[in-house]
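Novice: Here it is, the structure in full.
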Amino acid sequence: MSKIQIVIDTNIFIGSLYSRRGYAYELMSQIDSSDFEMNISVPLILEYEDVAKRMLNKLMITRQDIDAVIDYICSVGNQHEIFYLWRPFLKDPKDDMVLELAVAGSCEYIVTYNQKDFEGVEEQFGILVVTPDEFLRQIGARK
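In numbering that gives the first Met the number 0, the protein residues as written are 0 to 142.
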């Protein structure tokens, strides 16, 4: 049985660094699980790093912690090079970057807190846009 393919939006990554109690942290703590595979690209990883390091004063972690988490994500994620652009499809170019990765990785899900930013993705590309809680329920990791 093949694993579910997902892309995790930056707001989920950052949310997981804020608190160990939320759904974002729960999802990120399972990225090496047997239920799903996280898909990444160089632009997405650079965005994770940039946003996290700009928010260091709000996070209770160090630069080295961020580097370690990102290194781990890179070691377990499915890496994709993006050779084509669907742009502009969404209002925000950074959301288009997430969509491009999801298409390149043949992903079933984009996991985000900003579902409105991805309107039309399901109809046009067949990719479901869900919150971490919804995704964890879908795979049976939450009740």
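Where a beta carbon is used, it is the ideal one built from N, C-alpha and C, also for glycine.
Is the beta carbon of E154 less than 8 Å from the beta carbon of I3?
Specialist: A question about residue 154 goes unanswered here, because the residues of the chain that appear run from 0 up to 142.
Novice: How many angstroms separate the CA atom of D116 from the CA atom of D94?
Specialist: For this step, residue 116 is matched to residue 117 along the sequence shown. For this step, residue 94 is matched to residue 95 along the sequence shown. So the alpha carbons of these two residues sit roughly 7 Å apart.
Novice: Which runs of the beta strand (DSSP E) spanning at least 3 residues fall entirely within the region 8-85, listed in chain order?
Specialist: Here the runs fully enclosed are 35-39.
Novice: Assuming the contact rule is C-beta atoms closer than 8 Å, L16 and A67 should be a hit. Round their C-beta distance to whole Å, please.
Specialist: Residue numbering aside, residue 16 sits at position 17 when the sequence shown is read from its first letter. Residue numbering aside, residue 67 sits at position 68 when the sequence shown is read from its first letter. So it is not a contact: roughly 12 Å between Cβ atoms.
Novice: Output the distance between the C-alpha atoms of L26 and Q114, rounded to the nearest integer angstrom.
Specialist: Indexing the sequence shown from 1 puts residue 26 at position 27. Indexing the sequence shown from 1 puts residue 114 at position 115. Roughly 17 Å between the two C-alpha positions.
Novice: Counting pairs of Cβ atoms below 8 Å between the region 36-46 and the region 75-82, do you hit three or more?
Specialist: Touching, yes, given that three or more Cβ pairs across the two stretches are closer than 8 Å.
Novice: Measure how close the beta-carbons of V110 and F134 come, nearest whole angstrom, since I'm counting them as under 8 Å.
Specialist: As a first step, residue 110 must be located in the sequence shown, where it is residue number 111. As a first step, residue 134 must be located in the sequence shown, where it is residue number 135. Confirmed, about 5 Å.
Novice: Checking 8 Å against the spacing of the C-beta atoms, do V6 and L127 come in under that value?
Specialist: As a first step, residue 6 must be located in the sequence shown, where it is residue number 7. As a first step, residue 127 must be located in the sequence shown, where it is residue number 128. Their beta carbons are not under 8 Å apart, which means V6 does not touch L127 by this criterion.
Novice: Would a C-beta distance cut-off of 8 Å place E46 and T9 closer than the cut-off?
Specialist: Numbered from its first residue, the sequence shown carries residue 46 at position 47. Numbered from its first residue, the sequence shown carries residue 9 at position 10. In contact: E46 and T9 (Cβ atoms closer than 8 Å).
Novice: Assuming D31 and V75 form a contact by the criterion Cβ under 8 Å, report the distance between their Cβ atoms to the nearest whole angstrom.
Specialist: Here residue 31 refers to the residue found at position 32 of the sequence shown. Here residue 75 refers to the residue found at position 76 of the sequence shown. About 5 Å; that satisfies the 8 Å criterion.
Novice: Would you please verify whether the beta carbon of L43 is less than 8 Å from any beta carbon of chain D?
Specialist: In summary, chain D is missing from the structure at hand, where a single protein chain is found.
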